[in-house]
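Visitor:
Residue numbers (the working numbering): 9 to 286.
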């Protein structure tokens with residue numbers, strides 16, 4: 009009697025090998041159609057990652073329209089006459105003709121407003137003798153506005169025989185206009201030199217610019233040897249030694265009191281120590 013062999017259970021590694029072998033056999037039995045479908049399914053992107061063609065086209069159109077809008081805006085603002093100069097408005101002029109200001113301003117017609125140099129226009133107008141200040145601005149869509157402040161005469165000087173006439177002077181000592189005759193109501197400057205660059209001229213016109221209007225109406229002539237020695241003659245023939253333009257209010261009050269007394273020369277240059285000279 010032959011001995012009976014004991015059957016051992018298959019090991020774990022043998023079972024794993026059997027399963028792998030079975031899987032290979034099954035793959036081998038798959039049809040070619042199934043393999044193709046598997047490959048297509050693996051290569052096909054998921055719906056979440058698939059780009060939407062319509063959205064992409066819309067984005068491209070938006071980008072293109074944005075670029076075209078910017079180009080059109082630049083052309084309209086900087087190169088087109090649609091926003092170019094069609095009118096030049098002048099305000100503030102009284103004695104200087106507005107047409108003369110427009111001529112000097114030389115604003116080019118149809119030039120786009122944004123390409124205009126308002127500083128250059130301002131400088132040209134400011135160089136006019138009768139103009140004190142100038143402001144130039146753009147008024148959309150087609151207008152340039154020029155606002156001026158004219159010089160106001162505070163005195164005059166006569167160049168005398170052989171000279172070039174009677175000249176008007178403003179509060180800054182600027183000689184800005186020549187007239188045919190002496191203007192009534194303005195004092196005459198009795199100075200060897202009248203110029204905005206002359207300190208004595210500026211000192212005299214500064215005093216005339218700050219003294220009370222009632223007193224200014226009485227002044228017939230004004231003079232000075234130094235910037236601190238301004239004096240003027242009143243219509244009554246009395247002479248007032250005013251000094252500088254400082255302490256105007258106090259000097260005016262002291263002078264008003266002094267003028268009630270007899271005298272020839274009234275010195276208020278030092279208002280705390282006024283004097284009267286016969």
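Ideal Cβ positions, reconstructed from N, Cα and C, are used throughout, including at glycine.
#1: In this structure, how does DSSP classify residue 166 when only helix, strand and coil are distinguished?
#2: Looking at the secondary structure, which residues open and close the alpha helix (DSSP H) in which residue 325 lies?
#3: Taking residue 91 as the reference, which of 72, 73, 107 and 122 has the closest Cα?
#4: Let me know the secondary structure DSSP gives residue 196 once reduced to three states.
#5: Terminal residues of the continuous beta strand (DSSP E) containing residue 213?
#6: Cutting at 8 Å between CB atoms, please list the residues of its own chain near residue 267, excluding the five before and the five after it.
#7: With distance defined between alpha-carbon atoms, name the residue in 234, 251, 252 and 229 nearest to residue 241.
#8: Please give the ranges of any beta strand (DSSP E) in the region 235-284, keeping only runs that are unbroken, at least 3 residues long and fully inside the region.
#9: Counting only the same chain and skipping the five closest in sequence on each side, list residues whose C-beta sits under 6 Å from that of residue 214.
#10: Residue 193 to residue 172, Cα distance in whole Å?
#11: In whole angstroms, what separates the C-alpha of residue 257 from that of residue 263?
#12: With a cut-off of 8 Å, do at least 3 Cβ pairs link the region 183-191 to the region 136-150?
#13: Looking at residue 117: is its Cβ nearer than 9 Å to the Cβ of residue 129?
#14: Would you mind sorting residue 209 into buried or exposed? The rule is 16 or more other CB atoms within 10 Å of its CB.
#15: Quick one: measure Cβ to Cβ for residue 101 and residue 158, integer angstroms, because I've assumed they're closer than 8 Å.
#16: What is the DSSP secondary structure of residue 126, reduced to helix, strand or coil?
#17: Look at the alpha carbon of residue 288 and the alpha carbon of residue 132, and state the distance between them as a whole number of angstroms.
#18: So, with DSSP's three-state summary, where would you put residue 178?
#19: Just to confirm, are residue 110 and residue 93 a CB contact at a threshold of 9 Å?
#20: At which residues does the alpha helix (DSSP H) containing residue 8 begin and terminate?
#21: Under three-state DSSP, which class holds residue 103?
#22: Consult DSSP for residue 57 and reduce its assignment to one of helix, strand or coil.
#23: Might you give, ordered along the chain, the residues of its own chain that have their beta carbon closer than 8 Å to the beta carbon of residue 218, omitting 5 neighbours on each side?
#24: Taking Cβ positions only, does residue 257 come closer than 9 Å to chain C?
#25: Suppose the cutoff is 8 Å on Cβ atoms and the five residues either side in sequence are ignored; what does the same chain contact list for residue 191 look like?
#26: Which residue or residues does DSSP assign as beta-bridge partners of residue 158?
#27: Could you check where the beta strand (DSSP E) with residue 93 kicks off and where it finishes?
#28: I need the straight-line Cα distance from residue 233 to residue 220, nearest angstrom please.
#29: Should residue 212 be labelled buried (16 or more other beta-carbon atoms within 10 Å of its own) or exposed?
Guide: On the basis of the data shown:
#1: strand
#2: Residue 325 is absent from the model: the chain starts at 9 and stops at 286.
#3: 122
#4: strand
#5: Note, residue 213: premise wrong, no beta strand (DSSP E); alpha helix (DSSP H) at 207-218.
#6: 246 and 274
#7: 229
#8: 238-242, 247-251 and 273-275
#9: 253
#10: 21 Å
#11: 10 Å
#12: yes
#13: no
#14: buried
#15: 7 Å
#16: helix
#17: The shown model of the chain, from 9 to 286, leaves out residue 288, and the question about it has no answer.
#18: strand
#19: no
#20: For residue 8 there is no data in the structure shown, the boundaries of the chain being 9 and 286.
#21: coil
#22: Interpretation of residue 57 is limited by its pLDDT of 47, a score under 50 that renders its predicted location unreliable; no figure is taken from the coordinates.
#23: 253 and 256
#24: The chain inventory of the structure shown lacks chain C, comprising one protein chain alone.
#25: 161, 164, 174 and 176
#26: 139
#27: Per DSSP, residue 93 belongs to no beta strand (DSSP E) and is neither H nor E.
#28: 23 Å
#29: buried
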